[in-house]
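> When you number the sequence shown by this note's numbering, it's gap-free, plus one each residue, and the end is 2079.
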Amino acid sequence: MSEYYHHLLSSMSGAGQISSPQDAPQQATSATSVGGGTGIAGSYQNLGYFTGFPEPIMVNSVPKASRSRRKSAHGVDHVKHRRTRSGCYTCRSRRVKCDETHPICDRCRKGKRECSYPTDSTTTQSSTSATKDASGTSQLNSPASSHDDREDFDDDNDHEFKLDTIIDEEEPNESTPSAQSKSRSSARRASAASKLHRIITSSGGRQGSETPSLEGTKASSPATSTGTASVTPAAYDLPELTGLGSSERPEWAHLPQDVRFYLGYFCEHLTNYHYGILTDAHDFFRTILPALALENEALLYALVGFAAYHCTLRNPRGKMHQFLQYYNKSVTILLGFLKRKEDHSPATLLTILQLATIEEYLGDWINLMGHQRAAYEVLTKLYTPQSIIATPTGRTILSWYNRYDVFVGLMGGFAAALPEDWFTSLVSYYQSMSLQDPANPVWKIEECSARLRLLSREVSLLVGKQSATPDQSYLDQHASISQRLGAWRDGWDPALSDPAYLVQDLGERTAERPDSIVDVLVPGSLYQGPLFPVTLLSCEWHTVVILHECQRADIPTQDDGTEELQARLSEQAFAICRIVESIELWPSSPRGSLILTQACLALAALFLPHDAKHQIWIRRKFALLEALGCIFPLGMRNMMAELFEDASCVRWWLPNNEAFSPVLRAVRAFADERNATAVSAQSESAPDVRHIFSKLHLSGLTRRGPSTTLAETHSPTTSEKRSKGKGKA
1351 MSEYYHHLLS SMSGAGQISS PQDAPQQATS ATSVGGGTGI AGSYQNLGYF
1401 TGFPEPIMVN SVPKASRSRR KSAHGVDHVK HRRTRSGCYT CRSRRVKCDE
1451 THPICDRCRK GKRECSYPTD STTTQSSTSA TKDASGTSQL NSPASSHDDR
1501 EDFDDDNDHE FKLDTIIDEE EPNESTPSAQ SKSRSSARRA SAASKLHRII
1551 TSSGGRQGSE TPSLEGTKAS SPATSTGTAS VTPAAYDLPE LTGLGSSERP
1601 EWAHLPQDVR FYLGYFCEHL TNYHYGILTD AHDFFRTILP ALALENEALL
1651 YALVGFAAYH CTLRNPRGKM HQFLQYYNKS VTILLGFLKR KEDHSPATLL
1701 TILQLATIEE YLGDWINLMG HQRAAYEVLT KLYTPQSIIA TPTGRTILSW
1751 YNRYDVFVGL MGGFAAALPE DWFTSLVSYY QSMSLQDPAN PVWKIEECSA
1801 RLRLLSREVS LLVGKQSATP DQSYLDQHAS ISQRLGAWRD GWDPALSDPA
1851 YLVQDLGERT AERPDSIVDV LVPGSLYQGP LFPVTLLSCE WHTVVILHEC
1901 QRADIPTQDD GTEELQARLS EQAFAICRIV ESIELWPSSP RGSLILTQAC
1951 LALAALFLPH DAKHQIWIRR KFALLEALGC IFPLGMRNMM AELFEDASCV
2001 RWWLPNNEAF SPVLRAVRAF ADERNATAVS AQSESAPDVR HIFSKLHLSG
2051 LTRRGPSTTL AETHSPTTSE KRSKGKGKA
């Protein structure tokens, strides 16, 4: 694994936090523009600056001379700041030095942030104890070594320096349920692991000819709250386990109580839609993924952290540390595994993808792209385009990854990295399954989805090639893709548009929307039952069409076609809005399905009328999506503030902090401050459709904002880019 990813994980886990102002980089070098059309590799050349490292750091060792330079500078004694385990979770996650004042540290007190510390036993456990525990509860395949878990070192000794990590969670007090669970025999754990191996084998080994079930279409309203506000033992500060008994599984018996709870929450409340995946034919997310997590501790805590994040948002008394402790532990364990340079496994790749999903929810595109690149390295080492489609796990991994590969490229303005044959292998597989089992709509949906993803990749390649003066080759490719996008929609199998599955009645809530900007009473936007994924597939298609049509702003025409193009883009945008409104109103929409529309809706907002009615409608939808956990990054909020000509959007979407709950404020503040050191780099590198926004300004497809915008105030690089654009115009 490349050193950049070690640096990234070290920073995320707290190992690389800036301990003093002197240690901070003076100025981040200008990042290579992601929109340069060179792929993703160039975006990471200066990743050390993004994560708090002033220069590249060798993961395994550094020369002794380097250690000498750390001791003094120009004859002045340097004050050493030791890394400790006892800093608060908030400071460690923000990558800053904590003064460890109890009960609230000075930084959290001044910033009015939530401040929580590990339990006392966490800071007093010896590294020997940590090693002993790791032998029983760390990755079953690769237990962590005590050498990797040391948090301090002596500058005067002769040992080579290793990049140390801050362990965020250690053994609780022996009286806690967690410690009692961990003290159970390793033989029982091995027995459970053996049983899980059989479950994985049986789940992952189903033949393609077997008829799969279409999970995720069970009737459940995304607005229905199933979490509780009650709290169990203070050591965990968890909601009660009410209603989750059916999700408890015998193979979880050896796990701590808190881990069992969140695994149950994951299986009960989270679906494939929370991962941006349309179907889950083999019940991967409810059975195979949790089973794999029991054999890999890094994956287990990444999964538990994701569940804790969603549970925290739904708990009125939720606290950030309920999520952070598991997230940090997953990152720390993964870093230790990578430092030992052991062979990768599908579980390693799934851990990286799960962490990338968490970053997507937090709106942290810098870390997401770091995980994406690492996933690419592992993916191409473990699989070939042919071998990856042989199992349900492989196919899910490929769909999970290529969504990020294409999505990040499209939104950031650069080409996808994965070669074409990885995409065509999925198309061929689902095409063959459709022929073998023509009565099953799942295969038809997956085939259409794989074909659209292949077309989306071609759009991203074209975006990466764009220049100020497109040549004939560019024009020909653009016209060809336009034709194939239309043919994709017109060429659907009739079974995928069966009117018998159209939702005719969205329920009583429809009458409560007099201010809606779309007519959802006319059927045609929403399908139910096994065809519900078709609804989301249509939404994705409208989004890809918009992204592709935006490139027409670069194409010179004989006459002024701006109005015609604007009308087409507006039509696609309203189609997206109609789908989003229908999903929100329909009581039987599957859990997580609305979350999948976030990027679609953000793009559609650029092409809606700018009057007050349309603005408040879109802002309410943005507020709802953030309440569901999809945090809009600061760059996107700045851009929307410019579009709406309302600076208050940067803080919150609705007036008077409507629906801005305390826990959501804490999550939003955490997401913003966590990336404060990377704001300038993020404005250039993060995919936030700014390349589209600039193109619309220059082409006249949308009106300009005020002369001095909030985006310019918060992001100098955006102001510079806009000035250059005006000069060219």
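Beta carbons are placed, not taken as given, at the ideal position from N, Cα and C, and that holds for glycine.
#1: Report the three-state DSSP secondary structure of L1978 (helix, strand or coil).
#2: Using C-beta distances below 7 Å, list every residue in its chain close to L1684, excluding the 5 sequence neighbours before and after it, in chain order.
#3: Evaluate K1794 with the Cβ neighbour count: other Cβ atoms within 10 Å of its Cβ, from every protein chain shown; 16 or more gives buried, anything less gives exposed.
#4: Which same chain residues end up closer than 7 Å to K1971 when comparing Cβ atoms and leaving out the 5 residues on each side of it in sequence?
#5: Please name the residue in N1717, T1629, R1803 whose C-alpha comes closest to that of P1742.
#6: Please say whether L1644 and E1601 have beta carbons closer to each other than 8 Å?
#7: Identify whether L1852 lies in helix, strand or coil by the three-state DSSP scheme.
#8: Cα separation between C1980 and Y1851?
#9: Would S1875 pass as a contact of S1932 if the rule is Cβ separation under 8 Å?
#10: Using only alpha-carbon positions, find the residue among Y1623, S1466, T1621, M1670 that is nearest to V2109.
#11: Please state if the CB of Q1781 and the CB of E1797 are separated by a distance shorter than 8 Å.
#12: Where N1717 and R1928 are concerned, what is the direct C-alpha to C-alpha distance, given to the nearest angstrom?
#13: Does P1696 pass the burial test, meaning 16 or more other C-beta atoms within 10 Å, or should it be called exposed?
#14: Using the beta-carbon count (16 or more within 10 Å), is G1343 buried or exposed?
#15: Could you round the C-beta distance between A1923 and L1958 to whole angstroms and report it? I think they count as a contact, below 8 Å.
#16: Take L1978 as the anchor and find which of R1599, K1963, A1955, L1946 has the nearest alpha-carbon.
#17: Whole-angstrom Cβ separation of R2024 and D1714, contact assumed at under 8 Å?
#18: So which of S1920, C1889, L1871 has the shortest CA-CA distance to L1935?
#19: Quick one: is A1657 buried, meaning 16 or more other Cβ sit within 10 Å of its Cβ, or exposed?
#20: Should L1785 be labelled buried (16 or more other beta-carbon atoms within 10 Å of its own) or exposed?
#21: Around the Cβ of P1468, are there at least 16 other Cβ atoms within 10 angstroms (buried) or fewer (exposed)?
#22: Cα-Cα, which of Q1704, A1954, P1883 is closest to R1918?
#23: Where does the unbroken alpha helix (DSSP H) through L1835 begin, and where does it stop?
#24: For the pair the stretch 1980–1989 and the stretch 2000–2017, tell me if three or more CB-CB distances fall below 8 Å.
#25: Is the distance from the Cβ of L1856 to the Cβ of I1831 below 8 Å?
#26: Which partner residues of Y1751 appear in the DSSP bridge assignment?
#27: Starting from D1771, trace the alpha helix (DSSP H) in both directions and tell me its first and last residue.
#28: Considering only the beta carbon of each residue, do G1763 and V1813 sit closer than 8 Å?
#29: I'd like to confirm the pairing. Which residues does DSSP put opposite V1809 in its beta bridges?
#30: Give the C-beta separation of L1776 and A1800 to the nearest angstrom, bearing in mind that I take them to be a contact with Cβ-Cβ under 8 Å.
#31: Would you mind listing the beta strand (DSSP E) stretches within the stretch 1861–1886 that are 3+ residues and don't spill past its ends, in chain order?
#32: Can you tell me where the alpha helix (DSSP H) holding D1608 begins and where it ends?
#33: Can you tell me which of P1769, A1766, H1898 puts its alpha carbon nearest to the alpha carbon of Y1824?
#34: Nearest-angstrom Cα distance between L1975 and S1866?
Let's see:
#1: coil
#2: Excluding positions up to five away in sequence, the list reads L1359, A1648, T1701.
#3: buried
#4: V1930, L1951
#5: T1629
#6: yes
#7: strand
#8: 29 Å
#9: yes
#10: Outside the displayed range of the chain (1351 to 2079) lies residue 2109, so it cannot be described from this structure.
#11: Yes; because the gap between Cβ atoms is below 8 Å, this pair is in contact.
#12: 32 Å
#13: buried
#14: In the structure displayed, the chain extends from 1351 to 2079; residue 1343 sits before or after that span and is not available.
#15: 6 Å
#16: L1946
#17: 7 Å
#18: Nearest of S1920, C1889, L1871 to L1935, Cα basis: L1871.
#19: buried
#20: exposed
#21: buried
#22: A1954
#23: Taken as a continuous stretch (DSSP letters only), the alpha helix (DSSP H) holding L1835 covers 1822–1840.
#24: yes
#25: no
#26: Residue pairing by DSSP places Y1751 opposite no residue, since no beta bridge is assigned to it.
#27: 1770–1786
#28: yes
#29: Note: V1809 sits in no beta bridge, so no partner.
#30: 4 Å
#31: none
#32: 1607–1619
#33: H1898
#34: When rounded, the separation of the alpha-carbon atoms in L1975 and S1866 is 17 Å.
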